[in-house]
Structure formats: C-alpha cells, structure tokens
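Just below is one structure, and these are the notes that go with it.
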Amino acid sequence: MCLGIPGEVVEIVDPVRQLAKVDVAGVRRNINYGLLEDEGVVAGDWVLIHVGFAMSKIDEVEAELAMQGLKMMGQAYEDEVRAVVDSQIG
Amino acid sequence: MRFVDEYRDPAAARALVAQITELVGDDHFKFMEVCGGHTHTIYRHGIEHLLPGGVELVHGPGCPVCVIPMGRIDDAIAVAEEPGVIFTTFGDMMRVPGSTGNLLAAKARGADVRFVYSPLDALRMAVENPAREVVFFAVGFETTAPSTAVTLLRARQEAVRNFTVFSNHVTIVPPIKAILESPDLRLDGFIGPGHVSTVVGQRPYRFVPEVYGKPLVTAGFEPLDILQAIEMLLLQIRQGRCCVENQYTRCVREEGNPRALEILAEVFELRPHFEWRGLGFISQSALKLRSEFAEFDAELRFTVPGVRVADPKACQCGEVLKGVIKPWECKVFGTACTPETPIGTCMVSSEGACAAYYNFGRLHREVAIGVGSKR
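Residue numbers (the working numbering), protein chains in the order written: chain A, 3 to 92; chain B, -11 to 363.
Shown next, in the form of structure tokens:
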C-alpha cells in the first residue's frame, strides 16, 4: 500500500480544497496537493501520488522511469492503478 | 544473470552486482530492509539471488498492514458491525485476520464494509450519506498519516459530523529502535524506507549510526535502487564511515516535508503505548487524534472492545517481522498459511515478507538454482 504512482498535473480544479486533476497512466482523477503547498503545484508538474495525495514533485524523466519500474511490479502495479480508477475525490 | 535482463538498465545492474561482490570479499554482512515495499521489490526481482552469498537481506517491520495486532482488527469489526455504519478501509486490510475472522467475513454477515483508495473517498461517502456514520480505518506509517490528517482538517472545516477515523497510524523510528535493542539479531546496517522518508526526512535516523554504530541508506523502490543502497552501505563499512545516506535523492530531502510534519503534529499526538503484531507493546510508537479532533475519533464515538488478543500459536509473524527467521522457516508457511487463507498478517499484504516470498521468491529460487553457476 505504500507504493507511489506518478501523475501529471492537468489542471488545478479547486484551490480552496487544494484539488488538482492529474493524469495517471491515461486516467484522469482528482488528487489533493495540500502537502506540497509550500512548493506550489501548477499544471504540467509531475508528482508522486499516494492514497490520493501528492507526496513529492518529480521530474518528467523520473516519472517515466518510475512508471516503467512500477509496471515491472505486475500485480501490485495493476492493483494501484485500479484503486486510482475507482477513486472519486471531489 | 537471467533476472537482470528484466531490469531497466541491465548493464548498470551487472556493474553494481560486480562492485558489491568485490566489496564483500570473503566477509558476511546482514542488512535489514525496513520497508515492505523494498521486500516486495527484492522478491519480485530475485535480488537475493543476484547478490553474493556474503550479503544477507533481512526483512523488517515496515509493512503497516502486517504490524496491526489482532485485537485492533476485532475492534474494527465491532465498529463495522454497529448499526448505520459504513466502514471504509484500504483493500489490504480486508483479509487481515482478527480473533474471529476478518472484515471480509463481517461484510458477508451484512456489515457495510467498503474499499477506498483514499481517506478523501471516505470523507466523500460521509457527505453523500448524511444519515450514515462513515468510519475510516486509518493504517500506515508517516507516509500515509499526513493524508488522514489533511482529510480530518477538511472534515472539520466543512463540518462533516458523520465522519470518524479509527486511527492505527504508526511511526517508523520506535520499531527500528526496538529491533536494534533486540538481542536475537545482529545487523550490519539498514536500507532505510523510501516514501516514509519523503515525509520525515533523514534526521530521525541519525541515532542509528550515532547511538548504535550502524549505517543507514534510504533507498528507492526499483531493483537498481536497492542494489545501489547495498553498495553504499558496503562502501561506508569498507571506508570506515558510519552515517545516514540518501540513495533516493530524487524523492527524499534531508528535511523531509516540513508542511506534512506540521499538519501531522496539528492533528495527531503520540499514544503512550501501542501493540505491534509480533513486536509487543512499543511506547510512543503510534498516533491518536488530538483532543481538538475528539469529535472525529471513532474510538470515542463507538464502543470498541479494546481487548488484547494473543497471536495464534502457530503463527511466527513476530519472528519474521523482526527478521529472526525467513518466511519459509515458519512452521505454517505455504501449508496452513497462504495468501488465500492467511493466518498471519505477513501473508496478507503484498508487501508482507511471507506473501512476497510465496508469490515470487519460491519461483526465483528455483530458477536461480537452475542458472546457478552463471550467478
């Protein structure tokens, strides 16, 4: 459950609730970026996501490599993506 | 080197293995990977079989699902079975056995138990079901606890009155200390947890070299990360250094995430004691909601039995969690205890040492024996 999954911030949807829409493996869902408020999050940023929260910023190359690494994990990766797909944070 | 071909950069993996082999020489080193995510990577990619015989990896207690004691599962089930409750949990927790069954069985008996990906999904359910009581079963180390904290701040801000949290959040330093104090284990160093460290940073681990004289290297979750961390540990030892180092610099900063730590401190406080499966009671090792958040505390809103339940006699999760025995050395491993019908928590989560070894390790071991001499 401690896997993080990389996603690209597509847009800030609610600055008050600190929600951003991210693209994770082609799926778009909302996440909370409150834990990164000191750094600021904007569209185009890549973040590492854990249980619906952006945990840290990463660069795009790293995100791509991390995704490849996750895919090598097989079932654990698929479970994580399925969980993200089921999420409806609003 | 069959497995290496599956790695992102096989040439780099080979080079690291060669370097590790040279550093080890004829000596023997025992390193603990604290984090369950690392355990998963190690078994998934057969890392143990790439390493020279002089490097032994011991699997640590950093699997939040694995360390929840049976009594807390019984408490969770008691809350889930209260009338009107929607009990929300991460999928991993559904099959963790309590003394009389797991949450999945409670669901089959009629309790409304639902998977969620995020505590924010649980909060949304509360908003959408104002006539129901929504409880979130919070587990996890400092990686996950800030997410619960942010969710609670939002619940308070939006005055969501039918949302509570059953907190089982734990902290990473006390179990590392408990293991260092344990007489049954002699370790030469630690592979420090990755994502916990994005929150807590590197400073909390300084006592490991300073008080106990053991090196610690925080690592990422890919096979190359683990190999590099092992190389860094060996380099420290061979160069006569002993400190906290960071292999996972792309995600972990020295100071961690100060904002996350601030939010954690605002919402949670340390419990005087908390029971860990297999490790017993460890003082100041878990988080409860501060009194300012009492209205969101499931342990105050509902009657939880709070009864301590001893682990099943046959189960040796405690020894596995402390790294005293390997998963396959447990008496019930793979026979009475499997991922389908787990007796102990280490067989439940995919990050548990037993499940990881059951799913991948056996296979790799057989293949490795087949490739043998090429190692």
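The C-beta atom is built at its ideal place from N, Cα and C for all residues, glycine as well.
Remember, it's a predicted structure, so these values are computed and weren't measured experimentally.
From residue i to residue j, what does the alpha carbon distance come to, in whole angstroms?
i	j	result
Phe262 of chain B	Val67 of chain B	19 Å
Asn156 of chain B	Val127 of chain B	5 Å
Phe103 of chain B	Glu339 of chain B	18 Å
His52 of chain A	Thr186 of chain B	11 Å
Pro315 of chain B	Asp176 of chain B	21 Å
Arg84 of chain A	Arg229 of chain B	44 Å
Met113 of chain B	Gly50 of chain B	30 Å
Ser361 of chain B	Pro40 of chain B	Its pLDDT being 35, under 50, Ser361 of chain B is placed unreliably in this model, and the value from its coordinates should be taken loosely. Computed Cα separation, rounded: 12 Å.
Gly306 of chain B	Leu173 of chain B	13 Å
Tyr79 of chain A	Ser170 of chain B	35 Å
Leu91 of chain B	Gly72 of chain B	16 Å
Ile270 of chain B	Ala341 of chain B	21 Å
Pro300 of chain B	Ile218 of chain B	35 Å
Gln70 of chain A	Val297 of chain B	42 Å
Ala328 of chain B	Pro52 of chain B	The amino acid at residue 328 of chain B is misidentified as Ala; the sequence shows Glu. One C-alpha to the other measures close to 19 Å.
Ala68 of chain A	Tyr193 of chain B	25 Å
Establish whether the CB of residue i and some CB of chain B are separated by less than 8 Å.
i	result
Ile60 of chain A	yes
Asp85 of chain A	The sequence shown places Ala at residue 85 of chain A, not Asp. Answer yes: the Cβ-Cβ gap between Ala85 of chain A and chain B drops below 8 Å somewhere.
Met69 of chain A	no
Arg30 of chain A	no
Gly9 of chain A	no
Asp106 of chain A	No answer is possible for residue 106 of chain A: it lies beyond the span of chain A, which begins at 3 and ends at 92.
Glu64 of chain A	yes
Ala27 of chain A	no
Val53 of chain A	yes
Gly46 of chain A	no
Ile91 of chain A	yes
Consider the Cβ of residue i: report whether some Cβ of chain A lies at a distance smaller than 8 Å.
i	result
Tyr200 of chain B	no
Pro300 of chain B	no
Glu210 of chain B	yes
Thr186 of chain B	yes
Met(-11) of chain B	Legend: pLDDT at Met(-11) of chain B = 46, less than 50; position of this residue unreliable, value from coordinates given subsequently. Cβ-Cβ to chain A under 8 Å: no for Met(-11) of chain B.
Gly79 of chain B	yes
Thr291 of chain B	no
Ala248 of chain B	yes
Ser271 of chain B	no
Arg174 of chain B	no
Pro162 of chain B	no
Gly340 of chain B	no
Arg102 of chain B	no
Gly180 of chain B	no
Ala147 of chain B	no
Ala356 of chain B	At Ala356 of chain B, the pLDDT of 48 sits below 50, so the modelled position is not reliable; the number obtained from the coordinates is stated separately. So, not an interface residue.
Ordered along the chain, which non-local residues of its own chain (more than five positions away) have a Cβ less than 7 Å from that of residue i?
i	result
Glu69 of chain B	Ala94 and Ala99
Val122 of chain B	Ile74, Thr76, Ala110, Met113, Ala114, Asn150 and Phe151
Ala1 of chain B	Val(-8), Tyr(-5), Pro211, Leu212 and Leu215
Leu108 of chain B	Thr139
Ala143 of chain B	Leu111, Phe151 and Phe284
Determine the contact status of residue i and residue j, defining contact as a CB-CB distance below 8 Å.
i	j	result
Leu252 of chain B	Ala133 of chain B	yes
Val43 of chain A	Ala22 of chain A	yes
Ile164 of chain B	Val196 of chain B	yes
Ala274 of chain B	Thr152 of chain B	no
Thr364 of chain B	Phe129 of chain B	Outside the displayed span of chain B (-11 to 363) sits residue 364 of chain B, for which this structure offers no information.
Val63 of chain A	Val24 of chain A	no
Ala282 of chain B	Phe154 of chain B	no
Ser135 of chain B	Ser89 of chain A	no
Leu38 of chain B	Phe19 of chain B	no
Pro330 of chain B	Pro85 of chain B	yes
Gln190 of chain B	Val161 of chain B	no
Val205 of chain B	Gln227 of chain B	no
Thr237 of chain B	His183 of chain B	no
Since residue i meets chain C, which of its residues come closer than 7 Å, beta carbon to beta carbon?
i	result
Cys239 of chain B	Any reference to chain C falls outside this structure, whose protein chains are A and B.
Residues in the same chain with beta-carbon distance under 8 Å from residue i, minus the five sequence neighbours each way, listed in chain order, please.
i	result
Lys202 of chain B	Leu168, Leu175, Asp176, Gly177, Phe178, Val196 and Cys230
Val55 of chain B	Pro49, Val158, Pro163, Trp264, Arg265, Gly266, Leu267, Leu309 and Thr333
Gly89 of chain B	Ile65
Tyr346 of chain B	Pro315, Phe321, Gly322, Thr326, Pro327 and Met335
For residue i, which residues does DSSP report across the bridge?
i	result
Phe284 of chain B	DSSP output for Phe284 of chain B lists no bridge partner at all.
Leu92 of chain B	Looking at the DSSP assignment, Leu92 of chain B forms no beta bridge with any residue, so it has no partner.
Glu250 of chain B	Glu250 of chain B is not bridged to any residue.
Gln100 of chain B	The sequence given here has Asp at residue 100 of chain B, not Gln. Partner(s): B:Ile74.
Is the closest heavy atom of the ligand ZN to the C-beta of residue i under 7 Å?
i	result
Cys23 of chain B	Among the components of this structure there are no ligands whatsoever, and the ligand ZN is therefore not found.
Within the same chain, show all residues whose beta-carbon is closer than 6 Å to that of residue i, passing over the 5 residues directly before and after it, in chain order.
i	result
Arg259 of chain B	Ala274 and Lys276
Glu72 of chain A	Reading off the sequence, residue 72 of chain A comes out as Leu, not Glu. Tyr79, listed in sequence order.
Ala344 of chain B	Thr27, His28 and Tyr31
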